[in-house]
Amino acid sequence: VSGVLMLAWFQHRMIYHPRSYGSFYHQYFTGSLQRVSYQTPEGSQTSFYQPPPDGNHPEALWIFFGGNASLALDWMWLVEIASRPGLGFLLIDYPGYGECDGSASPEKILASSEIARAQWQEIYGNTEIPRLGILGHSLGAATALQLAERIPVDRVLLLSPFTSVADMVRKMFGAWLVPLLRHRFENMGPLLQLLQRETPPAITIFHGTRDEVIPVEMGRKLAALDPQRIRYH
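In my numbering, the protein residues as written are 467 to 699.
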């Protein structure tokens with residue numbers, strides 16, 4: 467039993483690197499940034515909404531998912547650059563990250579992100595549903611695709627995605643550990659599901675050739691699922 471518990475602890479520590487918000491992040495609350503608070507079985511959760519600069523209902527909403535050591539507000543540099551009328555941003559923190567209770571897993575992250583979007587719609591969306599874009603980096607590419615499978619999306623942008631956690635573990639530690647994995651994020655299946663929709667979203671993948679964490683070959687393999695409909699850079 468102790469060996470199983472140690473393996474579960476090791477997997478969680480390997481995949482997730484949660485942290486809380488320090489004083490550096492206080493600067494972002496001097497403007498119009500708003501908390502989106504809600505409950506899940508993990509406890510109290512908080513994501514963040516940046517409305518359009520004019521304060522109106524967004525015509526398009528981008529939902530951002532960060533990497534395994536990132537916080538939602540680490541996206542604020544990009545939000546500030548991309549901000550324009552009609553464009554809003556919903557920034558997701560995972561359970562155990564930032565101001566969120568609990569601990570992360572694929573299932574818990576999916577449940578939290580679904581509730582975050584529904585809570586945003588209830589508070590800010592009125593009856594209008596804006597065009598949705600989803601962006602994810604590294605682990606966030608997988609958590610973004612989880613949500614994209616469940617909702618109608620117009621655009622999907624993936625930065626440095628892996629093919630699967632199993633492939634990453636196989637590369638880093640060998641095949642022996644793969645059957646014991648509990649956190650099985652996987653990106654090829656969700657991408658294929660999106661491509662099979664009657665109106666597939668526009669999908670773009672960016673993957674740097676010098677990426678030292680996630681091999682660029684993984685991004686290329688995902689793009690090769692449909693080179694005509696997946697833009698790759």
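Where a beta carbon is used, it is the ideal one built from N, C-alpha and C, also for glycine.
- In the three-state scheme derived from DSSP, where H, G and I count as helix and E and B as strand, Gln659 is classed as helix.
- Annotation for Ile680: Ser604, Ser626, Pro627, Phe628, Met634, His673 place their beta carbon closer than 8 Å to its own, counting only its chain and skipping 5 residues before and after.
- Within the same chain, Pro656, Gln659, Leu660 come within 8 Å of Glu615 by CB-CB distance, once the 5 residues on both sides are set aside.
- Sequence-distant partners of Asp520 (beyond 5 residues in either direction) whose C-beta falls short of 6 Å from its own C-beta, in its chain, are Pro551.
- Under the DSSP assignment, Ser503 falls in the beta strand (DSSP E) whose first and last residues are 500-506.
- DSSP places Tyr590 in the helix class (H, G or I) of the three-state scheme.
- In the three-state DSSP reduction, Glu652 falls in the strand class (E or B).
- Taken through DSSP and simplified to helix, strand or coil, Phe495 comes out as helix.
- The straight-line gap separating the alpha-carbon atoms of Ile595 and Arg583 is approximately 11 Å.
- In this structure, Ala538 is the residue among Leu691, Gln500, Ala538 with its C-alpha nearest to the C-alpha of Tyr487.
- For Val619, there is no enclosing beta strand (DSSP E), as DSSP gives it neither H nor E.
- Looking only at Val631, Ile617, Glu546, Ala535, the smallest Cα-Cα distance to Phe495 is reached by Glu546.
- The closest CA to that of Ser630, considering only Arg479, Lys687, Ala548, is found on Lys687.
- With a minimum length of 4 residues, the unbroken runs of alpha helix (DSSP H) contained wholly in the region 506-550 fall at 542-548.
- For His483, the closest of Leu527, Trp528, His492, Gly532 by C-alpha to C-alpha distance is Gly532.
- For Ala526, the closest alpha carbon among the candidates Ser571, His699, Val622 is that of Val622.
- Secondary-structure assignment with DSSP links Tyr698 through a beta bridge to Ile671.
- For Trp528, the closest of Pro561, Asp620, Glu678, Tyr560 by C-alpha to C-alpha distance is Asp620.
- Counting along the chain, the unbroken alpha helix (DSSP H) around Phe639 starts and ends at 631-639.
- Note: His603 is bridge-paired with Leu625 in the DSSP secondary-structure output.
- About 7 Å separates the beta carbons of Ile589 and Val502, which is inside the 8 Å limit, making them a contact pair.
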